[in-house]
Amino acid sequence: MSTPTHSTVLIIDFGSQVTQLIARRVREAGVYSEVIPFQNAEAAFQRLKPKAVILSGGPDSVTREGSPRAPQVIFDSGLPIMSICYGQQTTALQLGGVVEGGHAAEFGRAEITIKEKSALFEGVWDVGQNYPVWMSHGDRVTQLPAGFTVKATSENAPFAIASDEARKIFTTMFHPEVVHTPDGAKLIRNFIFNVAGCKADWTMKAFREEAIAKIRAQVGKGRVLCGLSGGVDSSVAAVLIHEAVGDQLTCVLVDHGLMRQNEAADVVEMFRKAYNMPLVHVDAADEFIGALEGEQDPEKKRKTIGRLFIDVFEREARKIGGADFLAQGTLYPDVIESVSFTGGPSVTIKSHHNVGGLPDRMNMKLVEPLRDLFKDEVRALGKELGLPDHFIGRHPFPGPGLAIRLPGGVTREKLDILRKADAIYIDEIRKAGLYDKIWQAFSVLLPVHTVGVMGDGRTYDRVLALRAVTSVDGMTADFYPFDMNFLGRAATRIINEVKGVSRVVYDVTSKPPGTIEWE
Ligand code: XMP
């Protein structure tokens, strides 16, 4: 939502791996920000009318001919500028300084010493003191442009921070946006509030109103279909669109029989009763499970599920007369344009977040009202829209559902066992007050039988693996360090209450090298 009513910070991307974190830090402070590849920065600058500009780091060398530059207009505009790493080097060069080539860029922990006061670290860092930062070594500024002075140094970086306080241009050789620079978020806040005078006006209330107006303008009198999975993203998108265009929206819940215990029923109940939304509940379990029964290969299972989903969705959509628009809960991290190492801007869209192929096949346009939001912002919006907390805070659940938590062929019997065991595991986690501390917890039913003794008899039943991880974005994860008593309690309940499980194990693999799901 980039309207002139917001304070906006423009982040110009030179291809750093951590550019998105700059946007996170700015948005966390309540200020809207957009990441724009350097090639499109000038047009974005005119369109967004930002109050401040941040230049990201990047893998290139400013000493290479043809390497990226910031548009001159930002320096001419007189707006406050914060330049990080590669941004520092191009700023220095473009304003008349000198940069010398060094080694390949690498990250590392470093200590900086504050030499002089700066508006950037007012109230955070004191002159003469040392502070830890996450430094990027590589090319190095060797002569500052006129008007700049050194504000901090480190052993290897004589210009760790250099600024022209009068022009409000601040450059750092380190990365304030990463958590390894512990005070970095405070420096960014100083920049956007104290220096640039931004207001913390990026609220979900404002977003909601603007998003509704935008959806109305896009959809007009058209009809919108929304595939509802029960996940937070599609649910929030549906509620928002319903608020905008009412019964022009129809939701379709394709119940593939691979959902968690009571999941489909809960979603139907909530959307039909609490939100009074037109919702088609399609029970397609036979179709999906029938097709997956003999399939062992995890990738083929995924493809089968994707194909069937489109078939069922298309069929149901036709029954209700089709639609002009397809609503999707696509998020900002999925569409963010980033600078690829070959120099051209590349758009990364995770295919599993889209109902791949549908819009083309059915000649529909997309409505994606969450495209500007990060996951935690979607949760905040869900709260703003009145979705219940227990629903908003639910752990992520993959589109292919329990099929990827059942290595091997999928059968109703296995699904039943898995669903029951998983419900007990999650119940124990909730009782222990741990649910919100964990990114994702679930069970996996293994295609392995082991011997057990139950009462006087010998059993030969399955092994269930429990998984729980902490993570920020699902890209990396650590196993959750449960107390052994907790694990013992969960295992005993599962084995006693679920017929078909004779042994429970806990997965202590991090990602990498493991993935979160077992597939
Ligand atoms: P992995 O197993 O790759 O999973 O470490 C990372 C995160 O992504 C989720 N995941 C999916 N989410 N559709 C989704 O919406 C999918 O096909 C899918 N596959 C994995 C997974 O649950 C974890 O949170």
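Read left to right, the sequence shown gives residues -14 to 504 (the numbering used here).
We treat Cβ as the ideally placed atom computed from N, Cα and C, and that holds for glycine.
Beta-bridge partners of residue 128 (DSSP): 83. If you look at residue 227, you'll find it in the alpha helix (DSSP H) that goes 217 to 230.
Annotation: the continuous alpha helix (DSSP H) that includes residue 346 extends over 343 to 346. Looking at 272, 246, 106, 366, the one whose alpha-carbon comes closest to that of residue 219 is 366. Residues of the same chain with a CB within less than 7 Å of the CB of residue 248, apart from the 5 flanking positions on each side, are 215 in chain order. Around residue 201, the same chain offers 229, 230 as residues with beta carbons nearer than 8 Å, after the five sequence neighbours per side are excluded. Judged by DSSP in its simplified three-state form, residue 179 adopts helix. Using a cutoff of 6 Å, the CB of residue 314 does not count as near the ligand XMP, since none of the ligand's heavy atoms is closer than that. For residue 413, the enclosing alpha helix (DSSP H) starts and ends at 397 to 416. Between residue 163 and residue 172, the alpha-carbon positions lie close to 12 Å from each other. Exclusion of residue 284 from the 6 Å shell around the ligand XMP follows from its C-beta lying no nearer than that to any non-hydrogen atom of the ligand. Its chain contains 112 as the residues whose beta carbon lies nearer than 7 Å to that of residue 102, once the 5 sequence neighbours on both sides are disregarded; these appear in chain order. Here residue 436 really is in contact with residue 445; their C-beta atoms are around 6 Å apart, less than 8 Å. Here DSSP, grouped into helix, strand and coil, assigns residue 470 to helix. Proximity to residue 153 across 105, 145, 166 peaks at 105, based on C-alpha coordinates.
At the C-beta level, residue 426 and residue 453 come within 7 Å of one another.
Rounded to whole angstroms, the gap between the alpha carbons of residue 482 and residue 411 is 14 Å. Within the region 426 to 504, the alpha helix (DSSP H) runs of at least 4 residues that lie entirely inside it are, in chain order, 469 to 482. Residue 502 has its Cβ nearer than 6 Å to a heavy atom of the ligand XMP. Each residue's CA atom was taken as its position, placing residue 463 and residue 419 some 15 Å apart. With a 10 Å radius around the Cβ and a threshold of 16 neighbouring Cβ atoms, residue 300 comes out exposed. DSSP lists 239 as the bridge partner or partners of residue 267. DSSP, read as helix, strand or coil, puts residue 48 in coil. DSSP places residue 212 within a strand segment (E or B) once states are collapsed to three.
When secondary structure is reduced to three states using DSSP, residue 115 falls in the strand class. Residue nearest to residue 291 within the set 241, 455, 208, 198 is 241 (criterion: CA-CA distance).
About 5 Å separates the beta carbons of residue 39 and residue 67, which is inside the 8 Å limit, making them a contact pair. For the alpha helix (DSSP H) assignment, the uninterrupted runs of no fewer than 4 residues enclosed by the region 14 to 39 are, from N- to C-terminal side, 26 to 33.
Under DSSP, residue 310 takes part in a beta bridge, and its partners are 209, 350. A distance of 7 Å or more separates the beta carbons of residue -3 and residue 77.
Close CB contacts of residue 355 within its chain, under the 6 Å cut and outside five residues either way in sequence, are with 222, 314, 316, 363 (chain order). Pairing residue 429 with residue 450 gives a Cβ-Cβ distance under 7 Å. Set against 6 Å, the gap from the CB of residue 405 to the closest heavy atom of the ligand XMP is not smaller.
Take residue 393, set aside five residues on each side of it, and the residues of its chain with a beta-carbon closer than 6 Å to its own are 281, 432, in chain order. Closest in alpha carbon position to residue 468, among 478, 414, 190, 441, is 414.
Around the beta carbon of residue 350, fewer than 16 other beta carbons lie within 10 angstroms, which makes this residue exposed.
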